[in-house]
Amino acid sequence: IDLHLLNATWKLNVVLLYYNLYKYFILCVHVQNVDDDASIHDKLLWAIHMSGLDDLLKFLACAPSEQQWSFHILEIISLMFRDQTSELLVNAGQMRSAQEKQKDMQELELLRQKELAEKRSRTLLRGARHSRFRGSYVIQGLKSIGEKDVIFHQGLHNFKNYSHDVGKPVRRVPKRKQMAQDSESQRRSALNVRLFLREFCIDFLENCYNRLMYLVKEGLIRERAQQHDETYYLWAITFFMAFNRGQNFRPDVVSETISNRTFHFIEKNITNYYEMMLTDRKDAASWSRRMHLALKAYQELLLTVNEMDRSKDENIQHSSNVIKSNIFYLMEFREIFLTLLRKYDERMQPRSFLRDLVESTHLFLKMLERFCKGRNNLVVQKKRVKRRKHSQKILQTEPTAEDLEQTWQIVSQELRTSESLTEGAVPFDATSETPVGEQRTEALVRIQDSIMSRTGPEALSLLRAARAVWPEGDTFGSVEVEPEEELELLKQILFTKLPSKLTLHILLYLILFASPNVVRPYIILLRSYSQNSVHTNHCITRMLHRLAVDLKMEALLYQLSIFSLFNKILGDPAATAYQELVTFAKYVLNWFFVFATKNNKAFVELLFWKNVGAVREMTEGYNKDGEDKKKSKWTPEEEEQLQRLYDKYKDSGDIVETILPLLCSSHTRREVVSHMVSMGLVDSMKDLKKERKGTRIVLWTEEQEQELQVLFEEFRDSDDVLGNILKRITAKHSKARIVDKILSMGLVSDRRDLYKKRNRSAPGRSTGMVRPSTYKFYGLSGPVLWLQNSLNRTADDREEDGVSHPVALVPLTEENEDAMENKTFQKLLHTVGIRAPTDGQESFWRISSSLSVHQLRSVAASLDLVEETATEGDSEGNKENSLTVEMEDNDNQEMRAQALRALLLSRQRKCASSKSKGKYEKISKKRRRVLDDDDDQRGNEQYLKSSSRILELLLPLPSIDVVQHDSL
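Counted the way my numbering counts, the sequence shown spans residues 123 to 1090.
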């Protein structure tokens, strides 16, 4: 058949045939066949291959005129390779290598050692002679129901399995608290089917992969796909890139998905899936599977870049270095694994997800260590911190002027003699969320780092590429710059101290993993050490080794559950098979027993998980209550200088501010004040308390009061009384002080009389209508919607479980985090009954447990009403002025109540008319409980009051008048 002659109808029928066949067998066939047996799915694949339809599928995937089938083709291919793994297809029909045979022999030897060890242990437990009387034993130290010890009536070989819970009915665990189960299924198909699929993969990679993945990615970006179609894209990245690594690795056949854009796309989807997993609790398992698929795609990208790094081709190695420098530089790529480890929840995420996460983290750290090898530091993106934090000390010192001069001599000589430049330098990423100005600064940092690493051609290539992107301003030189001028410009960049540059030492990055929230997932995975692969156990041991040995924080692992696990490993009959784990466990235990001789609280500390601060206290000494953690040391010379300066300036206003710049050593104000108290120079720290700005008493002279009265009489009839006074008064006082003075002089009785009067007949504005921009909530519409969803979700959970617990509001997006720090949004949270975090104990706002299900849904519906008021008020006003809103200066609460009652009446009539016409609009159960409940008058009044308070916070208008249209 000539595939080019098929018309669109035939192609559509073929695609639908493919799709329906695979969907039918997936939904209807659940038979679990053994490996190497021909299942129904295998027979279908073989029939399609014999009919030649697989060639038609590849033609549709690579033909330029068949772009509309791209998503269907990718979904059909994913259904074809269901239950298949890339490793099995790569090795299909090939002889097993000596390494694979040796691996199988090692696994068999491991099983044999386990079996022999179990036999020896059973022999030691039972005596040589057979006893008809098993005997009874008393377990000392273990109390029974009464005050006596437990009497054990079974053989000693069963004592390890004894528990008080033996014979008791198993307590049912609720579904939402059950551990997530793995849903991965793998099966080895018949050999002929595997050979056919292997050839299909090879042809698909060479002819179709790059083009098809490009079309699918464009469709996803432009939102021309159906919901969750990105999962097929993530699966294709994972499967075909893994197949390419095993089958004669060629980066060119998968070049479409080896880029920074792909990393950014996957990282964005991982974040989105995690947020949806928390918000959509009923479908959390599906979101968890999608998140696992995205993680495996990210892991495969790292494996491919790591494979490129091992290539003998210098161009491929350079491309790998460019990708790695971007991954290690950007914060979101550098901390994604750290975030996933901290947020791991075994109730939602299966053990296979944790295994892939641990292995991906191990690979990332291994690549980072290799990348930093030979360098003392790494230039990374500086993290934005809004609230003040103590700056961390950087272990790397700044290079001196002599070092910079020596580096420049080497680089300049290389640039003058070398003629080849590095190709493919990209200083700008259009898909990144980083502003253009910051990317310009980052380009300067990358150029400077290239010069510091003495790679002159790469620095010059980056400079010219940045000049092409940002030709304005001559930041990277003019367009017609000479070669000597380029060298001079590179020298200026090298000697310039860039503010956004941050050097990261590898040990400083590892400190971020020294946290109980990171160690716990590793210990959870280590509990199944006997079922883990050798590589998985190695990844766990290597991470714990980094924390205990590289960071010298053995005390981080001094925890009872960890020691219990170590005891199980050391007592395992087949412990020789886990030599790495056994060695590490003995190392930690030896250090603990040495530590116990120095710290008499060591065994008590085993009961608690520890962070970096607790580890430091355990090893360096505990601090007393109220004592500073870092106590500054004062030498006798410094104390003498402090005494002399105090005697000299003790009559000045703020003596501490006067003394601080005159001290030879650098001490903070708190340190100076506390040491002056300890020396007896002052009685208390309150005597040296810093005077706050704005607390001084403001004195008005008689002339200033007369001037203020004259200005008030002159402008009392103007539209802006206070503004005109501020422009013309000669006394330097703040606006608030002037208002207070006018009130105290009796010139006005209410401060609202000084407010600027609004012009009601302003040109370009319809009378009585509120501008649409007023209803933007000052950028809080997204957080308000997030708050509404959280309240509704909490109401559903409480209604289902029948139990009320405080629920934390965890902001996962930057927009929600900014809103949680907004004063207006915090007032809104207080209004709806959300409790602020307790100092020193909690970090998040919490929905109070005292709110009932009805109250939660009422408040959530009022938030929805506020948002819809903003949108409906604008749209209806533009149509026929059906609802006219007018701002006034009196009767705030009454007018708001009228507005809400009018809107309720309008909604009820719309609902009634829609029912009479037979067009029923589905209204959510949460809103109907508030909007359609006419019997409960008290609930409506409480709802109107709550809605009015929310309107007052989100729409800061003095008052609202509602003029009802005839339709109301």
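For each residue, glycine too, the CB sits at the ideal point set by N, CA and C.
If you measure between the beta carbons of residue i and residue j, is that distance less than 9 Å?
| i | j | result |
| --- | --- | --- |
| isoleucine 388 | alanine 347 | no |
| leucine 634 | glutamate 457 | yes |
| alanine 97 | leucine 196 | What the structure shows of the chain is the stretch from 123 to 1090, and residue 97 is not part of that stretch, so it cannot be assessed. |
| valine 480 | threonine 207 | no |
| leucine 682 | leucine 616 | no |
| glutamine 235 | alanine 930 | no |
| leucine 729 | alanine 707 | no |
| alanine 724 | tyrosine 680 | yes |
| tyrosine 354 | serine 534 | no |
| methionine 301 | glutamate 468 | yes |
| leucine 985 | leucine 913 | yes |
Specify, as a first and last residue, the run of the alpha helix (DSSP H) that residue i falls within.
| i | result |
| --- | --- |
| isoleucine 273 | Taken as a continuous stretch (DSSP letters only), isoleucine 273 belongs to no alpha helix (DSSP H), being part of the beta strand (DSSP E) at 271-274. |
| lysine 265 | Note, lysine 265: premise wrong, no alpha helix (DSSP H); beta strand (DSSP E) at 259-265. |
| threonine 353 | 352-368 |
| leucine 452 | No alpha helix (DSSP H) holds leucine 452; DSSP gives it neither H nor E. |
| alanine 183 | 175-184 |
| tryptophan 409 | 406-431 |
| alanine 393 | Going by the sequence as given, residue 393 is threonine instead of alanine. 382-401 is the extent of the alpha helix (DSSP H) around threonine 393. |
| isoleucine 691 | 682-692 |
| asparagine 722 | Per DSSP, asparagine 722 belongs to no alpha helix (DSSP H) and is neither H nor E. |
| leucine 934 | Here leucine 934 belongs to no alpha helix (DSSP H), and DSSP marks it neither H nor E. |
| threonine 741 | 734-742 |
| serine 583 | 578-591 |
| proline 778 | The question names proline, yet the displayed sequence has valine at residue 778. Run containing valine 778: 777-781, per the alpha helix (DSSP H) assignment. |
| aspartate 478 | 473-494 |
| arginine 649 | Note, arginine 649: premise wrong, no alpha helix (DSSP H); not H, not E. |
| alanine 312 | From DSSP, alanine 312 is part of no alpha helix (DSSP H); its letter is neither H nor E. |
| glutamate 209 | 208-212 |
| cysteine 661 | 656-667 |
| tyrosine 631 | 628-633 |
| phenylalanine 947 | 945-953 |
| valine 795 | 791-801 |
| isoleucine 532 | 523-539 |
| aspartate 769 | 758-771 |
If I measure Cβ to Cβ from residue i and keep anything under 6 Å in the same chain, skipping five residues before and after, which residues do I get?
| i | result |
| --- | --- |
| asparagine 1012 | Residue placement at asparagine 1012 cannot be trusted, given a pLDDT of 41 that sits under 50; the coordinates are not used to answer. |
| methionine 1101 | This structure cannot settle anything about residue 1101, because the visible part of the chain is limited to 123 through 1090. |
| histidine 927 | Ser971 |
| alanine 565 | Pro549 and Ala588 |
| glutamate 760 | Ser787 |
Spatial neighbours of residue i within its chain, please: CB distance less than 8 Å, with the 5 preceding and 5 following residues excluded, ordered by chain position.
| i | result |
| --- | --- |
| cysteine 184 | Asn329, Cys330, Arg333 and Leu334 |
| lysine 863 | Trp822, Glu827, Leu830 and His855 |
| isoleucine 781 | Leu764, Leu767, Tyr768, Tyr771 and Val794 |
| isoleucine 392 | Met413, Ala416, Leu417, Tyr420, Ile458 and Leu462 |
| glutamate 397 | Leu934 and Thr935 |
| proline 643 | Leu463, Tyr466, Leu476, Leu479 and Val480 |
| threonine 817 | In this predicted model, threonine 817 has a pLDDT of only 42, less than 50, meaning its place in the structure is not dependable; the value taken from the coordinates is given anyway. The answer is none, since no qualifying residue turns up. |
Taking 7 Å as the limit between beta carbons, can you name the residues of its chain near residue i, skipping five residues before and five after?
| i | result |
| --- | --- |
| aspartate 205 | Ser307, Gln308 and Arg309 |
| leucine 711 | Phe688 |
| arginine 664 | His484 |
| asparagine 733 | Ser637 and Pro638 |
| leucine 666 | Tyr644, Leu679 and Phe706 |
| leucine 673 | Leu629, Leu632, Ile633 and Ala636 |
On the CB-based measure, 16 or more other CB atoms within 10 Å of its CB, does residue i come out buried or exposed?
| i | result |
| --- | --- |
| glutamate 939 | exposed |
| histidine 414 | buried |
| aspartate 1088 | The predicted position of aspartate 1088 is uncertain, since its pLDDT is 35 and thus under 50; no value can be drawn from it. |
| valine 338 | buried |
| leucine 178 | buried |
Measure how close the beta-carbons of residue i and residue j come, nearest whole angstrom, since I'm counting them as under 8 Å.
| i | j | result |
| --- | --- | --- |
| leucine 647 | leucine 476 | 5 Å |
| leucine 317 | glycine 215 | 5 Å |
| tryptophan 967 | leucine 951 | 6 Å |
| alanine 677 | threonine 741 | 6 Å |
| isoleucine 445 | valine 427 | 5 Å |
| leucine 327 | threonine 384 | Wrong, their Cβ atoms sit about 16 Å apart, outside the cutoff. |
| valine 832 | leucine 876 | Not a contact, Cβ separation roughly 16 Å. |
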